[in-house]
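Accompanying notes for the structure given below.
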Amino acid sequence: MLTVSVDNFVPVNSYVTVTVNDNTNELNISQGVSDTQSVKEDKKFTSKDNMKSLRVLFSNVDTLSNKRSEFEAHLSIEKPHIIGLCEIYPKNSMDKSIASMLNLADYEKYLPDKVGDRGVVIYIHKSLTAFKVDILSESGFNESVWCEVKLEGTDKLLLGCIYRSPSSVSCNNKKLNDLICHARNLKYSHYLIMGDFNYPEIKWVDNEVSSGINTDPFKFYECMQNNFLFQHICTPTRFRTGQNANLLDLVFTNEENMIAKDSIQMDSPVGKSDHCMITFDFCCYLNNENTSGDRFSYFRGNYELFNETLNNIDWDVLLNNKSINEMWKCFSSVMSDNIDRFIPKKKTDRKFISPPLWMDRATKSAIVKKRKSWKKYKYSRNNLSYVKYVKDRNECTNAVKNAKLSFEQKVALESKTNVKSFWNYVNSKLKTRSGIGTLEKPDGTLASSTADKVEVLNQFFTSVFTQTEDLKDYDTNSVSNNFLNDINICQEDVLKKLNKLKTDKSAGPDGLHPKVLYEVRNAICYPLFLIFNKSIIEGKVPDDWKNAIVSPIFKKGKKLKPGNYRPVSLTSVVCKICESIIRDNIMKFILTNNLFTSSQYGFRPGRSCVTQLLEVLDEWSELIDSGFPLDSIFLDFSKAFDTVTHQRLFLKLEKLGIKGCILNWIKSFLSGRKQCVRINNTTSTWSDVVSGVLQGSVLEPVIFLTFINDLPDVVEGIVKVFADDCKVYSKVSSDYERCKLQENLDRLCEWSDMWKLKFNAAKCKVLHINPDNDLQYRYTMLDESGNFIALSTVNEEKDLGVTFESNLKFEKHISDIYNKAQRVLSLINHSFDYMDQDMFLTIYKSIVRPLLEYATCVWSPYLKKDIRKLESVQRRATKLVKNICHLNYEDRLRSLGLPTLEYRRDRNDMIQVYKALHGIDDIDWMSLFTLAPSNNTRGHSLKLFKKQCKTTHRLNTFSIRVVDQWNNLSDLTVTAKTLNNFKSALNGENWNLYKFICSC
């Protein structure tokens, strides 16, 4: 009896038994299943149409022959689609004939043409279409094998498995780097390179190399960075007794999201090998759900006739003597009818691949013309028709090239003003998507269909709402002698808001798109003026304005958990216009009467994340310089915007002096609301919204600020607040000061209990700055055992976009922004086939450089290694311009007219000093700077006094490091009347614009 696998005719994991009858010579064929489960229950190997990812296994097995049984047992459990193995041959063995024994059932085997010392192999399941890439196998580096795997549509995966011996010499290491560069030049849509590279000197988590810049590890690291390959393994992979664990086995892809981070597993080694077995999911198939239907093409509407029709309507007669709901129904009905008349529709069917964004009519015509010429030549086979085909083929090639070039130039040059268009194009070129994956239901089961996902998310979003209840014995007497009872809206106010509409935003639940409202703004400003005034005077909001479509936005953590998604509400655009007018009046009233606490920095003019961080860091560094330790407690509210209780909010608004019609309008706006969750075109059931302020509404920031405004008043110490981000800190050089900090924390917890805005104790962190204690702080809430919850102590914490460490050196922050900028550079390199200097400058200045310059006044590096790391991003970025990539870095900068990043940081420092001293930023500059005595005749009138300091860190803090540069500026520059005048004068100063770093 002979058993063979017939994968083309039976499902994977099935076998066919062929029995030969010796008497009749007839074949008896029977089919079976290799596992005890049925084929239908096997979820690993399904048809390629349903496949979402490929399961991949990689390991350094250190000789496969003596571990084969255990390895096959592991495969029967894991069922990978792709297997990569290193060191498959015995060490120091001259006999490589065991290669014939490397076969695995149901897998195709791929070996290098030239047998190496230890050997590598790739196995690909027979359900996939694959073949060996000989052009890479012919390289001088022997210990590698490369395969091409066909994916969905025209996508292809280049799969590589590599082994580099730890005793490899420099010339062989150079061949490896050249091999990687050669592979990247082949322009595959997907890259997956795995192997044992034996470079323990490279710290992939910190993006550092412990050896020098001229060593082989550094050259390899730079090679992978220059080729924009992402390394996904972050934990050690090799463990040997008596030695430190090392990260030697690496996995690279050309896109960060091609490997699901949650899927990476480190399993136990095979046999006596000291290398872990690595398994992960490689995402390569798109989940194209059927979202077909008709959609309005708002940018192709006949707005001339639309306006003419609206101008012929007598709105006074139509809206007279109607309630606010009836007025809105009449207006929205008129708009909907005219949208149906004057806005064309287009059919959409996403079951099929959408055309590229750069595709235009001329290109499509050229392609059709080329196909017709080919058919004629194929039919006639004469020379004349062939010449015609060649001509049309060349025209088609040029049309495609020109269309793509023109589109990419447009996207690049508009990236500063139209960032959305840039990211739409970049995302269209990605081969992986980070949409809403499988979600975990409350009962522990999984929701995989879109219909189940929207219900799971909607159920979670509504579960966090806080039930309202009256608050007794609360003093509602106003803190101000002035009151805001009413708002006078004029027609010009409405028209001004309509003129500022962003036409690329989405329509709300009422279907009124901002493009339509903008194009007919002059015709509708009067009826909207009537509706808004009626709504405010009566203190009532139309029912349609209370509906919200929620879009779930992933934050961080596991995508399986519904709690890791933020609900962002899509509401009526017309309602947002009315909100905007009310918001402006409320903010003007609060700021005029100085009702906001000085500790609040969020959503206030002249204040920002940077101004808060500058004040905080200056206080911290001064304490450290004086030798005092300090503790900072970072507090995190649990679903802050969703749990604001409405009754308590109304009490606080009334206490600030917001009463009458405005308070009634806000009450009507927040009560009786409903929401549903939408993913693609699938929506959940509607649910009641009983608490919270809508994330995505215009009124959300100012309403939340009023609710949290009195939080700092309960603390006898330093509290800094930015929206819902709160931190309390204090010097802790004595037991009294430490107890005082705990007491302040207790008071904050009491405030949160009183106002039903709970802290998330698990996410509240303690950072010991210049630590000399291990004091723990507790949250007043009790755990399941009846004990107080101790807050976690961390060595680093991200606050307002900047990662603080206990030593305040910002090395982790610099590494993070380096990685972020590198990822964006990779996307740009992957997305744009053409890149001239103008395109590069616009994209780099608007997309990449801001990542490297956010809050540089706070964390500006002073160590050479950090300066080099940041500068290497710009150095690598300038190589994207092909016509100057052969020049050295200094010449590339001169050609592009770019200064170094170090110069830019110095310039930003000067701008920040100017904004502080001239009152542009609402910052306590006297706590940062001291003006030099006026009897000093040298320098300008705003010369600063440089304070004495003891530590290097304090010397490089903003308030100290800027003094010399600021004092060297001319009086004409520092006394410029406007910020733009100051920037122009600063550029004219005798600074070295091309301040090159010798090590760059």
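Taken in order, the sequence shown gives residues 1 to 1000; the numbers are from the UniProt record's numbering. Built from N, CA and C at the ideal position, the CB exists for glycine as well. Fair warning: this is a prediction, and the values are worked out from it, not measured in the lab.
Item                                                                                                                                                                                            : Value
Could you tell me which residues DSSP pairs with residue 794 in its beta bridges?                                                                                                               : 767
Which same chain residues end up closer than 8 Å to residue 465 when comparing Cβ atoms and leaving out the 5 residues on each side of it in sequence?                                          : 642, 643, 689, 690, 691 and 692
What's the C-alpha gap between residue 631 and residue 818?                                                                                                                                     : 28 Å
Starting from the Cα of residue 142, find the closest Cα among 154, 114 and 158 and give me that residue.                                                                                       : 114
Decide yes or no for the touch test of the region 245-265 against the region 191-204: beta carbon pairs closer than 8 Å, at least 3 of them.                                                    : yes
Give the C-beta separation of residue 720 and residue 727 to the nearest angstrom, bearing in mind that I take them to be a contact with Cβ-Cβ under 8 Å.                                       : 5 Å
Around the C-beta of residue 987, are 16 or more other C-beta atoms found within 10 angstroms, so that it is buried, or is it exposed?                                                          : exposed
Between the Cα of residue 453 and those of 422, 372, 909 and 563, spot the shortest distance and give me the residue it belongs to.                                                             : 563
With a threshold of 7 Å on Cβ separation, who are the neighbours of residue 436 within its own chain once the five nearest residues in sequence on each side are excluded?                      : 453, 552 and 679
Does the Cβ of residue 565 have 16 or more other Cβ atoms within 10 Å, making it buried, or fewer, making it exposed?                                                                           : buried
Quick check: what's the CA-CA separation for residue 267 versus residue 558?                                                                                                                    : 20 Å
Using a Cβ-Cβ cutoff of less than 7 Å, which residues in the same chain neighbour residue 1001 once the five nearest sequence positions on both sides are dropped?                              : Nothing about residue 1001 can be read from this structure; the chain reaches only from 1 to 1000.
Are residue 523 and residue 302 close, meaning C-beta to C-beta below 8 Å?                                                                                                                      : no
Could you pull out every unbroken beta strand (DSSP E) segment of at least 3 residues lying fully inside the region 547-603, listed in chain order?                                             : 547-554 and 565-570
Thinking C-alpha only, which one of 77, 833 and 119 is nearest residue 87?                                                                                                                      : 119
Under 8 Å: do the region 824-833 and the region 646-666 share three or more Cβ pairs, one atom per stretch?                                                                                     : no
Considering only residues of the same chain and omitting the five flanking positions on each side of residue 923, which have a CB-CB separation below 6 Å?                                      : 611 and 916
Using the Cα positions of residue 699 and residue 575, report the straight-line distance between them to the nearest angstrom.                                                                  : 10 Å
Can you have a look at residue 455 and say buried or exposed, based on whether 16 or more other CB atoms are within 10 angstroms of its CB?                                                     : buried
Rounded to whole angstroms, what is the Cα-Cα separation between residue 687 and residue 462?                                                                                                   : 7 Å
Tell me the rounded alpha-carbon separation between residue 234 and residue 264.                                                                                                                : 10 Å
Could you check how far apart the C-beta atoms of residue 175 and residue 139 are, in whole angstroms? I think they sit under 8 Å.                                                              : 7 Å
Scan the region 702-783 and note each continuous beta strand (DSSP E) run of 3 residues or more that stays entirely inside, going in chain order.                                               : 718-722, 725-731, 765-769 and 778-782
Name the one or two DSSP bridge partners that residue 295 has.                                                                                                                                  : 346
Could you tell me the alpha carbon to alpha carbon distance between residue 790 and residue 259, rounded to whole angstroms?                                                                    : 36 Å
Taking the C-alpha atoms as reference points, what is the distance between residue 615 and residue 944?                                                                                         : 17 Å
Quick one: what does DSSP say residue 107 is sitting in, helix, strand or coil?                                                                                                                 : strand
Could you give the residue range of the beta strand (DSSP E) that holds residue 512?                                                                                                            : Careful: residue 512 lies outside any beta strand (DSSP E) and carries neither H nor E.
Looking at C-alpha atoms only, which residue of 391, 859, 952 and 683 is the closest neighbour of residue 450?                                                                                  : 683
If you pair each beta-carbon of the region 526-533 with each one of the region 311-321, do three or more pairs fall below 8 Å?                                                                  : yes
Do you know offhand how far residue 907's Cα is from residue 955's?                                                                                                                             : 18 Å
Given residue 184, which residues of its chain have a CB within under 6 Å of its CB, disregarding the five upstream and five downstream residues?                                               : 227
Could you tell me which uninterrupted beta strand (DSSP E) segments, each at least 3 residues in length, are contained entirely in the region 54-86, listed from first to last along the chain? : 82-86
With respect to the beta strand (DSSP E) encompassing residue 125, which residues constitute its N-terminal and C-terminal limits?                                                              : 120-125
Does the Cβ of residue 223 have 16 or more other Cβ atoms within 10 Å, making it buried, or fewer, making it exposed?                                                                           : buried
Excluding sequence positions up to five away, which residues of its chain have a Cβ less than 7 Å from the Cβ of residue 628?                                                                   : 731 and 733
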